[in-house]
Amino acid sequence: MARKPDPSSSEPRRRARKAASLAATAPTLVVGVAASAATLPSLERLFAQGPLPAGVAFVISLRQSDGLDFATVAAALAPHGFAAEAVADGERAQAGRVYVGPLDRLMTLEGEAFRLAPAEQPPGERAAIDSFLISLAAAQQHRAVAVILAGMGSVGAAGVTAVKEQGGLAVAELDANRPGPEHLVDPAFLVDFVLPADQIAGRIATYADHLAGVQPWRDAAAAPPETAGQLARIAGILRSRTGHDFHGYKHNTFLRRVQRRMQVLQIDQVEAYIERLRTAPDEVGHLFQDLLIGVTQFFRDGLEFDLLRREVVPKLVEGRDGGEQIRIWVLGCATGEEAYSIAILMQEQLAKLDRPPLVQIFATDIDGRALTMARSGRYPESIAKDVSPERLARWFSKEGATYAVIKELREMCIFSQHNVVRDAPFSRIDLVSCRNLLIYLTGELQDRVIPLFHFSLKPGGFLFLGPSENVTRQAKLFAPIDRRHRIYRRLDTVNRVLPEFPLATGERGRDLAGRGDLAKPRADTGLGRQAERIADRYAPAYVLIDDQYETLNFSGRTGRFLEPAAGAASLNLLNLVHRDLRVDLRAALHAAATQRTVAKVERLQVGIQGEVRRVDLVVEPVIVPDAPVNFVVLFRDGGPVDGAEGEAVLSAPALRDEHVQRLEGELRLVKERLQAAIEELESTNEELKSSNEEYQSINEEMQSANEELETSKEELQSVNEELHTVNGELAHRVTDLARANSDLKNLLSSTQIATVFLDNDLRIKSFTPAVGDIFHLIDGDLGRPITHIAARIAYPELADDVRKVLRTLAPIEREVADLDLGTRHLVRVLPYRSIDNYIAGAVITFLDVTATVRAQAEAEEAGAQTREILESIADAFYALDGEMRFTYANRRALEDWGKRPEEVLGRRLIDVFPCADQTEAFEAQRRAAREGVPVHVETLSAVLHGWIAISAYPDASGGVSVYFRDISDRKRSEERQKLLMGELQHRVKNILAVVRSIANRTLDTSETLEEFAAHFDGRLRALARTQGVLSRHAEGEIELEEIVREELLSHAVHDDDQIEVSGPPIRLRQKAAEIMALALHELTTNAVKYGALASQAGHIAVTWRTTLTKEGRRLSLQWRESGVPLVDSAPSRTGFGRDLIERGLPYDLGAATLLEFSPGGIRCLIELPIPEDALVVEDADTKEAGRAT
Amino acid sequence: MSEPASPNHPLRGSRVLIVEDQYLIADEMRRLVVELGGAVIGPAGEVATILALIAAETPDLAVLDINLNGEQVWAVAYELRDRGVPLIFATGYDVSALRPPFEAAVHMEKPVSTRALAEAVERLGLASSREVLS
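These protein sequence lines are chains A and B, in that order. Just so you know, we're using our numbering here: the first sequence kicks off at 6 and counts up by one. Just so you know, we're using our numbering here: the second sequence kicks off at 989 and counts up by one.
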């Protein structure tokens, strides 16, 4: 049936294929390795064997609940020349690579592409490894290999099952510490090979090699025609070895299973495999095990299960109480689906009851390894097609891509290895489910198994069979309640049917020695024993008696010589012996006892059964030191006595006929009694037989119970393990709790906040030491109501507050001031919530705030003072916080800005005054805040549109305090000052220039130094006078009259008779005043020297007036001298005065002048334009200073 | 006090416009110019008069007061600059009174001495008058 590899071509072809697979990236095999932190050394050993087998991709799936991560794996593999790669979503597996699965996501394989899905469950509940292996099996089928490293517990059981079901290979690491087979949750009991880690890679390579050479058939139709016959032979071998008949097994599946075994064993030809089956009993087991995989599913045959649910389950539960037990036996449970299905049905029914009975499901299978999967209770996602979503949700927890049955269900089921054909059945069962098992059994075995079920079931119990099974062969035992769906009810039979144990036909299984004896008594056919029996027949009869002649032992056939006397039963030989022998026996015994020798009495005639026989008596003492003497009495039959002799004998007893008669009467009586006794004995015997049967049955039950106990023991062990773990965890928690408790204690003692814990009745539960300041509390007060304790502070509302908090659950906070002590406490009353969030009392805390309150009051007062000061100062003041937000601004600042407080406070400066950005003032404040130094600047304010002096002082909190003052006025006056200074300087320089000019002119017209000195001095004085008067008048203007009078007075002319000065008040500006003063000085000097003032008779009239012409106002001044006796000719050396009047005044003032030397004196007319405001009128405001050059 | 005549009359042949609103100072300036050998145009103290003088005859040099009876001299200065006339400002203000574009012009503070005028003329002579005024 295998494609025979052509020896001439197979090797090169294989090599070529190998090369091709190396070149192509798609792997020929994908190996899923289940690894955890504990298996890291194994992982290293696995990869320590050099390069990977050709064409193989390794995928390391990590147990996500422990610390092993990609980096660790990569580091472990690197020294062996492997570069581990983290799996990426969508990536295709490639040959020759080593992939490592993620820790945080769920890795599956679709075709050759990895899929990474977000994990829905926490690590440890994702079944990451099983999920991956199941997807690997589905994706790669026979090209999938699962490797389970030692020490992973039950992880991988579902995955290994899936891989094997799809025809792949499963390998586990050999583990010296692996527990015995009773720990049947370890997937290593499911795998094909258990090898040391360093041999696994080699095994995979061999498998890959073999796989490359053999193309498996997926279908029986594709197989060569002789295959059918070969498979039938295999089934035959299985039947003879296991008693299971697989002839009816699905052909394709059977073929695949056989092929898988061939692949595992690297056998190419079916014939070779058949040979292997014949020679290696183990292989029968392996094939048998494989055949049992995957033939079951949840709620297989839905209609039957539906009927079971409707008809049977309610009857099972009916009338059962909480204390009772419902026992269900599921045979051939394989990987457990059927057992869990029934468990689900039962649970659903039980859920309707108030006090549900206990349900125990014994799920058994011939193959303990299949039970590994059943015990793990983990199934691939594909079960979703068999199980309704409601049931999935209720009875399974989704872990990764697998479903695990919930604990409740798992605990209902007890899985144990059991061969119904060989092992004793379970008993007192309410429901036996034996589906699709009988079909594998031969008819002979079925005939034996069905009565077993009858035995196991309670009266009225149910039998649930597979769709193609029935009990028609045993119609007396079971009646169908629904023939179509193969559910039967046990019938009570008159004869208790005792099953035949054992039923075994194979060589495997437990040895139930001794049971065989019950069924078949052993034939006693030994020749020796036959000879003995013959010898016994010829040996003399004897009796062994003690010294009191009580019989100790009879030999065979002593009956002829014994004739028990009537009356009470006795074993005394003298009473028992034939009456014809009695006398002689007594004499012989006496002789033997006294002489301790053998005593013989020969040829005694004894009437036996109507004839007289000759009997010899021998009595021989049996002497044992230090013990009473025993005797052996031998009866030797000497044959019948001849007639004469016999007559003689008969005649002799005739004398005692009467005596005989009596004795015979007794004898009859005794016989009757004996008969009664015999009958009684027979009946007792019958009873014993029946008891024996009972005991047998009980024994079986004990066996069953024992098996149950063993199963339970396993469960208990695993529970014990769990308890150990839980205990360790609890111990850890207790330590944590103790530490937390101690922390809490320390915290409570160290805290200065007085705290009292009260229960709902206001009794003190605990308190911190600081409470001593509040209450007179001692440890002994625990448990006393708080109201009984005297408080040191005045807080009469305490009890009311606590009750209110307990009622409303809203915390209360109040400040309690004790006026006598001057203390203030902040009291908080809060509800005490226990961890399960119910109110278990109240917590009261007392915080001494005396100092705080005082400090606060002082601070407030100081703050108010400060504010008052700040409000009253003339400077504007404001404060900014670290983010340049206004925290305060005094009234002056607000006035300057024209803002209301709410427009600035709390807002950022830059938001309030956007125009201030990047101004010098703003930068100054920022710099002060940033550098922590006071900054003072005077700058133009963009906010106030004027000059300000601004000072920014940093404060401790990163903000700044700012003073500013509007200095626009000062700045203006400074400007004016500067201007005035410039003007003053200008005037001084001008005057100096004038003085220089005067000096030069005077020098030109003076003939002597004295003359120069006199003239220059006079002119300088005139100039000085004008300046003096000018300096007295801030406006820089002088009244004309004042100039005139000053000039005249300077020459000591104060005789009002000689001088007349009159005119309206006129103000002259500086320039006009200066030159007018100089001109008047010249006139006066001339008058003093030569004119009107030279004599007492002279007179001078200085008069002026203003006139309004069409060019504006003009001033007309007339200097007129009179009474001068001698009018000289025009003065020759007064060139300066004349020049000044005739050219200077017109040049400077635009004046028209006239100088006359007429008889009587000089007349001088000066007419000049004056500004309108030069005429002094009342309230004339002529502030504008005249600008002189 | 008459100053000794400078041996080399630097203003010989030059017609110097004197702008000054105060008679005594203008007269003194006239004396200085004459002393240095120059011929005087003006003096004059009113802008209109001065502009008329300039229109009639372009001077070779001008000595300008800045403030003329409250009137500023700048209109005159611009006119003279446009005609390429070198300028000397003689004023009671310090040099800061010169405003652009005349801030670099030659400046004398009153009272002006012969030597100061001679030096100012010399400075004008050293630097090209065009450059100074451009």
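Even glycine gets a Cβ: it sits at the ideal position worked out from N, Cα and C.
- Along the segment 1005-1035 of chain A, going in chain order, the ones with a CB nearer than 9 Å to a CB of chain B are N1005, R1006, L1008 and D1009.
- Q1010, Y1011, L1012, I1013, A1014, D1015, E1016 and R1019: these are the residues of the segment 1010-1025 of chain B whose beta carbon lies less than 8 Å from some beta carbon of chain A, given in chain order.
- Listed along the chain, the chain B residues whose CB falls inside 7 Å of the CB of G1149 (chain A) are Y1011 and L1012.
- Pairwise C-beta distances place the segment 444-452 of chain A out of contact with the segment 380-399 of chain A, as fewer than three of them are shorter than 8 Å.
- Residue pairing from DSSP places L885 (chain A) in a beta bridge opposite A:F891 and A:V965.
- Taking each of A:I972, A:S966, A:D960 and A:A934 in turn and checking the Cα distance to S946 (chain A), the smallest one comes out for A:I972.
- Sequence-distant partners of A1065 (chain B) (beyond 5 residues in either direction) whose C-beta falls short of 7 Å from its own C-beta, in its chain, are L1052, L1075 and F1090.
- Measuring C-alpha to C-alpha distances from L1122 (chain A) to each of A:V1066, A:D916, A:H147 and A:Q923 identifies A:V1066 as the nearest.
- Distance between F1141 (chain A) and D974 (chain A), taken at the CA atoms: about 48 Å.
- Bridge pairing for T1111 (chain A): A:L1120 [DSSP].
- Considering only A:V606, A:G964, A:I333 and A:L57, the residue with the shortest C-alpha distance to G86 (chain A) is A:L57.
- Taking a contact as a CB-CB distance under 8 Å, the pair E1067 (chain B) and L1039 (chain B) counts as one, their CB atoms being some 6 Å apart.
- At least one CB of chain A lies nearer than 9 Å to the CB of E1097 (chain B).
- Here T340 (chain A) has A375, M378 and A379 as same chain residues with Cβ atoms under 6 Å from its own Cβ, once five neighbours each way along the sequence are excluded.
- Annotation: Cβ neighbours of Y1081 (chain B) in chain A (cutoff 9 Å, chain order): G987, E988, Q990, H991 and K994.
- According to the DSSP secondary-structure assignment, N558 (chain A) is paired through a beta bridge with A:L549.
- Chain B has a Cβ within less than 9 Å of the Cβ of R1001 (chain A).
- Interface annotation, D1153 (chain A): in contact with chain B, CB-CB separation under 9 Å.
- Contact annotation: the segment 790-804 of chain A touches the segment 766-782 of chain A, with at least three C-beta pairs closer than 8 Å.
- H941 (chain A): not part of any alpha helix (DSSP H); member of the beta strand (DSSP E) spanning V940 to S946, first to last residue.
- Nearest C-alpha to T850 (chain A) among A:E820, A:G827 and A:D841: A:E820.
- N746 (chain A) is classed as exposed because its beta carbon has fewer than 16 other beta carbons within 10 Å across all chains shown.
- Per DSSP, the unbroken alpha helix (DSSP H) holding H991 (chain A) starts and ends at S973 to T1010.
- Of the candidates A:P385, A:V318, A:R261 and A:K463, the residue whose Cα lies closest to the Cα of Q302 (chain A) is A:P385.
- It is roughly 9 Å from the alpha-carbon of K463 (chain A) to the alpha-carbon of D497 (chain A).
- Residues of chain B whose Cβ lies closer than 9 Å to the Cβ of L1098 (chain A) do not exist; the shortest such Cβ separation is about 26 Å.
- When the beta-carbon positions are compared, L111 (chain A) and G382 (chain A) stay at least 9 Å from each other.
- DSSP places V582 (chain A) outside any alpha helix (DSSP H), giving it a letter other than H or E.
- The beta carbons of F431 (chain A) and T369 (chain A) sit closer together than 9 Å.
- Within chain B, the residues G1080, K1098 and P1099 have their CB atoms less than 9 Å from the CB of L997 (chain A), given in chain order.
- The DSSP-derived three-state label of L835 (chain A) is strand.
- Beta-bridge partners assigned by DSSP to L1160 (chain A): A:C1169.
- Per the C-alpha coordinates, the member of A:Y958, A:V103, A:E900 and A:G903 positioned closest to E928 (chain A) is A:Y958.
- Closest in C-alpha terms to T892 (chain A), from the list A:E907, A:M417, A:N257 and A:F918, comes A:E907.
- Fully enclosed beta strand (DSSP E) runs of no fewer than 3 residues occupy 1003-1007 and 1027-1032 of the segment 990-1043 of chain B, in order along the chain.
- Sixteen is the threshold: since fewer than 16 other Cβ atoms of the shown chains lie within 10 Å of the Cβ of I874 (chain A), the residue is exposed.
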